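Asks:
Number of protein chains: 2
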Amino acid sequence: MSHPLFGPEVRMMLDEKNEVGLRAFCESLHPATIAETLTDDFDVEESWQVLERTNIRDQAAIFEYFPILWQVQMLEGTGRAHIARLIEQMSHDDRVALLRRLSPRVAEELLRLVDEADRRDIKALFQHEENTVGALMTTDYAWVPQNLTCVEAIERLRHSAPNSESMYYVFILDEATRRLHGITSLRDLILSPRHTKVADLMETDLVTLRVTDDREKAAEVLARYDFLALPVADDHGRLVGIVTHDDVIDVVVQEATEDLQKQGAVGALTDNYLEVGFFEIWRKRTLWLSFLFLTGLLTFSAMEMFEGELKSLDVLIFFIPVCIATGGNSGTQAATLITRAMALGQVTVSDWWRVLRHEFMIGLAMGVTLGLLAIVRSLIVPDHMLLFVDGSGSIAKWHFGLVMAQVVLAICVLGTMIGAMLPLGFKRLGIDPALASSPFVTTFVDVTGIFVYFTVVKLYLL
Amino acid sequence: MSHPLFGPEVRMMLDEKNEVGLRAFCESLHPATIAETLTDDFDVEESWQVLERTNIRDQAAIFEYFPILWQVQMLEGTGRAHIARLIEQMSHDDRVALLRRLSPRVAEELLRLVDEADRRDIKALFQHEENTVGALMTTDYAWVPQNLTCVEAIERLRHSAPNSESMYYVFILDEATRRLHGITSLRDLILSPRHTKVADLMETDLVTLRVTDDREKAAEVLARYDFLALPVADDHGRLVGIVTHDDVIDVVVQEATEDLQKQGAVGALTDNYLEVGFFEIWRKRTLWLSFLFLTGLLTFSAMEMFEGELKSLDVLIFFIPVCIATGGNSGTQAATLITRAMALGQVTVSDWWRVLRHEFMIGLAMGVTLGLLAIVRSLIVPDHMLLFVDGSGSIAKWHFGLVMAQVVLAICVLGTMIGAMLPLGFKRLGIDPALASSPFVTTFVDVTGIFVYFTVVKLYLL
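Taken in sequence, the protein lines are chains A and B. The first sequence begins at 54 in my numbering and counts up one residue at a time. The second sequence begins at 54 in my numbering and counts up one residue at a time.
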């Protein structure tokens, strides 16, 4: 989806100061295409030169499609008064997201220049915490009072809602109190006999959100019911806003990104990979890595506890890395599956016993397979590694192989069980289960794996 | 979003054979709510007893919200003729997805019972490969010819499209050839003066998909442009179907799940975690785990190559697990970030040099921090571990600490660079970059980390 043709053309029009051409460019293409062309091939100042050719409403439509960091940059390069006009034209939710990114002082200055009604609306949305439905919703919805007929309702919408992007759902409110009575759709208004009362048509079994709900809930509900929008009501049942399908897709993508980043032990980044500041990315990654390093150092202490056993037979040293790595890998698999299943609502904390049994069986079945591989590898270990250091003889290869098979089996089961239980345990404790990331599980299993390793070895060999 | 109240009520109505109550239940609630209540608290046969109380259209609407495995089970429990009627009422895309899950023989038998027009439509959709736009699209769209006025178009839609779920976008076609001329929206038809020609209103700068496009492309385009639906055209510009916003949300969720599962080295599962067959899950996980185990065994061989160095100084053994684990962790972080950034289109293969420099700097910065921690840990190593085995004396703690700091630094940089380059390399080779999973990266870095470890150690100590 790149638009290789527009860039050079726009460049030429800019050089020639071809106002008519630039206006045509801004008016004929989709705002997303225009925004993409400008961010790819032009700088902030040139983008303004292009945007200036069109009216403020189109400017706002294009502006909304710029990445938010680019929006912030653009604001720095133009007059406050112009920005205020632009903000008045932007979608209610997008402009609040933008103002959140500005320094409070700049945001405050801008707000003073925005007209009264918009300012009140922005302030109302601004008060909601990030990641809540309140911060995601827009107050720009289509509504009619309940005593109208279909044809009257359509007529009303023609006059009252021409700018509302989301007029496909029509909310039926009490005109005085704004209490939400029901929902109907533009489709039903058109398909029903003209003089049907809206009140007879509306759906009253409503799924409503609250401003304080997590935005993930909005995504889950909207995706489950295939709705285009969801109403957000306050404690008194008054409609305060709606959440629309396009914002929900963005939430789904962002949440998936955050889950992936947490599972990779990065910590969620707020921006595009190449745009995140070096310090932010260093801090988040180093924090995790240092924590894992310090935890991982416990393998040193664990091995120290078995120093005697470790040195009694050379071959033991060589099998440690692959054995504990296998535990980490099987644990990562389990943790990944369980975390995602929890995020999708397929598994809850109360399923822990079922999950544990399931993972125990899987761990056992996988461990047997890997155990066989361990036997094969043991058969080609050089003879001198199997000599006891104290001179008390050596150990037979097949004997050693059988012991290693049991080590691998035990570690594999340990890994799957830890990997499955950590996310569930985290959730139970109110910690985000996505933090039971693969490096976290791996490190945890590395340390415990050392104990399993030497416990099994001592049982049979030493 | 559980509905604890409906289950017992429906159970009572079933026991009392309360037909009126069951019909009211089916007709008054959202189909998704009904489907959820039934799958949670009832079995397949009971679900049929509930559904039977309502008309076939509502049955189909509810049926679509059952999980697909449950749909398959339900089909087994009822007569073919009834299923055929149900299929005729289902959404065009959902029913094809269902038929794909049935054995070809059963699907063929069912199709014979479905009426002619629906059968042709199903066959047309059925031919497209899974994960393509063709398999995702529906042929159930609203269209009008281009010579109508707005009021005529609305009138036409009232008659032709009452069942179409997606009549918010109206496609303007050549009546004879079905060539796509433009798109308008129900909203614009209503807001424009009544006698405006549709042709003057329509958007002709169209973003169209092809049936062979990857469904991820549909998701990306729809999310970027905030569309409700996208047209799918053939080589001759004829409209063959549309992809709607609700299917795209499902795609986004599924793709994120698959990416997470691949990154956890599981291999993408097709179903709900607790519903996947034991054998399928065992096979996918064991395959990966065995591959990683065999690769991990190379750490054995790598350590064998440094057997002399390894045994010359006791302390060396103890630092190996934590050092190679750190490489794996830093590599996992990098791989996670790059893979996701690629999936979101933020980074492409051509950015490799920029990514490499970036990760090199990050690796260096993180390595210095971890190196300091390594020095601290080295200072508390017991004295006897620092004695050379050949009796040639011992090594000073601070000296050993400085060497370990450099080992950790080098492995950290190695990890980030491998973690960053593997997904890009995979992509370049046409392999899914999500397969550069954290266990894969970890195992890869474990083996190479052994070499780095002993190379640095030999340089300074031996």
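Just so it is clear, CB atoms sit at the ideal spot from N, CA and C, and this is done for glycine as well. In this text the structure is predicted, and so the values were computed from the model without any measurement.
In chain order, which continuous runs of the alpha helix (DSSP H) of length 4 or greater are located wholly inside the segment 354 to 389 of chain A?
Replies: Listed in chain order, the complete alpha helix (DSSP H) runs (minimum 4 residues) inside the segment 354 to 389 of chain A are 360 to 365.
Asks: Does the Cβ-Cβ distance between S245 (chain A) and L254 (chain A) come in under 7 Å?
Replies: Going by C-beta atoms, S245 (chain A) is nearer than 7 Å to L254 (chain A).
Asks: Can you list, in chain order, the residues of its chain whose CB lies under 7 Å from that of T540 (chain A), leaving out five sequence neighbours each side?
Replies: Residue 540 (chain A) lies beyond the stretch modelled for chain A, which goes from 54 to 515, so this question has no answer here.
Asks: Starting from the C-beta of G454 (chain B), find all residues in its chain whose C-beta is less than 7 Å away, skip the five residues before and the five after it, and write them out in chain order.
Replies: The answer, listed in chain order, is A427, I428, S431, L432.
Asks: Against N382 (chain B), what residues of chain A qualify as contacts under a CB-to-CB distance less than 7 Å, listed in chain order?
Replies: Simply A318, L342, L345, P492.
Asks: Does any C-beta atom of chain A lie closer than 7 Å to the C-beta of T385 (chain B)?
Replies: Taking Cβ atoms only, chain A reaches closer than 7 Å to T385 (chain B), which makes this a yes.
Asks: Using a Cβ-Cβ cutoff of 8 Å, what residues of the segment 410 to 424 of chain B are near chain A? List them in chain order.
Replies: Those residues of the segment 410 to 424 of chain B that come within reach of chain A (Cβ to Cβ, closer than 8 Å) are H411, M414, I415, A418, M419, T422, L423.
Asks: Between which two residues does the beta strand (DSSP E) carrying G294 (chain A) extend?
Replies: Looking at the DSSP string, the run of the beta strand (DSSP E) that includes G294 (chain A) is 292 to 297.
Asks: Compare the Cα-Cα distances from E69 (chain B) to each of B:Q102, B:T86, B:C203 and report the closest residue.
Replies: Looking at the Cα atoms, B:Q102 is the closest of the given residues.
Asks: Using 8 Å for Cβ pairs, my map puts V500 (chain B) next to T348 (chain B). What's the rounded Cβ distance?
Replies: Going by Cβ atoms, the distance from V500 (chain B) to T348 (chain B) rounds to 7 Å, so yes, they are a contact pair.
Asks: Reducing DSSP to helix, strand and coil, say where P157 (chain A) ends up.
Replies: P157 (chain A): helix per DSSP, three-state reduction.
Asks: Which term fits A276 (chain A), buried or exposed, when burial requires 16 or more other beta carbons within 10 angstroms of its beta carbon?
Replies: Per the 10 Å Cβ criterion, buried.
Asks: Can you list, in chain order, the residues of its chain whose CB lies under 7 Å from that of T185 (chain B), leaving out five sequence neighbours each side?
Replies: Counting only Cβ-Cβ distances below 7 Å, and skipping sequence neighbours, we find V264, T265, D266, D267, R268.
Asks: Which chain A residues sit within Cβ distance under 7 Å of A49 (chain B)?
Replies: Nothing in the structure corresponds to residue 49 (chain B), since chain B is present only between 54 and 515.
Asks: Shorter than 7 Å from the beta carbon of G349 (chain B) to some beta carbon of chain A?
Replies: Interface residue, yes.
Asks: Going straight from the alpha carbon of Y221 (chain A) to that of M220 (chain B), what length do you get?
Replies: The alpha-carbon atoms of Y221 (chain A) and M220 (chain B) are separated by roughly 10 Å.
Asks: By the 10 Å Cβ neighbour count, where 16 or more other Cβ atoms means buried, how is R247 (chain A) classified, buried or exposed?
Replies: Under this definition R247 (chain A) is an exposed residue.
Asks: DSSP on L226 (chain A), reduced to helix/strand/coil?
Replies: Strand.
Asks: Counting only the same chain and skipping the five closest in sequence on each side, list residues whose C-beta sits under 8 Å from that of V305 (chain B).
Replies: Hits under 8 Å: A272, A276.
Asks: Given a limit of 8 Å on CB to CB distance, which residues of the segment 227 to 255 of chain B reach chain A?
Replies: Answer in chain order: L239, R240, I243, L244.
Asks: Going straight from the alpha carbon of D258 (chain B) to that of L233 (chain B), what length do you get?
Replies: If I take the Cα positions, the gap works out to 11 Å.
Asks: Along the segment 182 to 197 of chain B, what residues have a CB closer than 9 Å to any CB found in chain A?
Replies: Cβ contacts with chain A: none found.
Asks: I need the straight-line Cα distance from M143 (chain A) to V204 (chain A), nearest angstrom please.
Replies: Going from the Cα of M143 (chain A) to the Cα of V204 (chain A) covers about 30 Å.
Asks: Among all the DSSP beta bridges, which residues are the ones paired with F441 (chain A)?
Replies: Per DSSP, A:L366.
Asks: Sort B:M474, B:L292, B:D168, B:R76 by Cα distance to D227 (chain B) and report the nearest one.
Replies: D227 (chain B) has its Cα closest to that of B:L292, out of B:M474, B:L292, B:D168, B:R76.
Asks: At the 7 Å Cβ level, is P486 (chain A) part of the contact set with chain B, yes or no?
Replies: So no, P486 (chain A) is outside the interface.
Asks: Beta-carbon separation of V149 (chain A) and A195 (chain A) under 7 Å?
Replies: No, Cβ-Cβ distance for V149 (chain A) and A195 (chain A) is not below 7 Å.
Asks: Using the beta-carbon count (16 or more within 10 Å), is M54 (chain B) buried or exposed?
Replies: Reliability of the predicted coordinates at M54 (chain B) is poor, the pLDDT of 39 falling under 50, and no value is obtained from them.
Asks: For the segment 155 to 207 of chain B, list the beta strand (DSSP E) runs that are entirely contained and at least 3 residues long, ordered along the chain.
Replies: DSSP runs (the beta strand (DSSP E)) wholly in the segment 155 to 207 of chain B: 195 to 198.
Asks: Span of the beta strand (DSSP E) holding S238 (chain B)?
Replies: Per DSSP, S238 (chain B) belongs to the beta strand (DSSP E) from 233 to 238.
Asks: Can you pull the chain B neighbours of M356 (chain A), defined as C-beta to C-beta under 8 Å?
Replies: Ordered by position in chain B, the residues that pass the 8 Å Cβ test against M356 (chain A) are I370, F371, P374.
Asks: Closer than 8 Å is the cut-off here; do at least three beta carbon pairs connect the segment 400 to 415 of chain B with the segment 488 to 505 of chain B?
Replies: Touching, no, given that fewer than three Cβ pairs across the two stretches are closer than 8 Å.
Asks: Starting from the beta carbon of W335 (chain B), find every residue of chain A whose beta carbon is closer than 8 Å, and list them in chain order.
Replies: Under the 8 Å cutoff, chain A gives I415, A418, M419.
Asks: With DSSP run on the structure shown, which of helix, strand or coil describes E256 (chain B)?
Replies: Strand.
Asks: Does at least one heavy atom of the ligand ADP sit under 6 Å from the Cβ of M255 (chain B)?
Replies: The ligand ADP is absent from the structure shown, which contains no ligand whatsoever.
Asks: Thinking C-alpha only, which one of B:F504, B:E72, B:T92 is nearest E105 (chain B)?
Replies: Checking every option, the nearest Cα to that of E105 (chain B) belongs to B:E72.
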